[in-house]
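Numbering (our numbering), first residue to last: 103 to 175.
Structure follows, in structure tokens:
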């Protein structure tokens, strides 16, 4: 597990919880398994560019924020 994947996972979890969604709800919305979402949040796996874009769009955050923690101005 890379540090980038671990930090991405923490930001993903924070964004998901801010929307008051469960892993199951997020997984269903983006067409992924709950296991996949769990692996992302635990830094064990990293989404494809397409999936990353879907996640960001659904959660109402920028891809850059998910990847770096910085907001685009």
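Don't be surprised by glycine CBs; every beta carbon is placed ideally from N, CA and C.
Would you say the stretch 166-173 touches the stretch 127-146, given that touching needs at least three Cβ pairs under 8 Å? no
Distance, residue 105 Cα to residue 112 Cα: 11 Å
With a Cβ-Cβ cutoff of 8 Å, do residue 147 and residue 153 count as a contact? no
Using a 10 Å radius around the Cβ and a threshold of 16 neighbouring Cβ atoms, would you call residue 163 buried or exposed? With 16 or more other Cβ atoms within 10 Å, it is buried.
Taking the CB atoms as reference points, tell me whether residue 131 and residue 110 lie closer together than 8 Å. no
First and last residue of the uninterrupted alpha helix (DSSP H) at residue 125: 125-132 is the span of the alpha helix (DSSP H), which, as asked, contains residue 125.
Assuming residue 110 is part of the alpha helix (DSSP H), what are its boundary residues? 105-120
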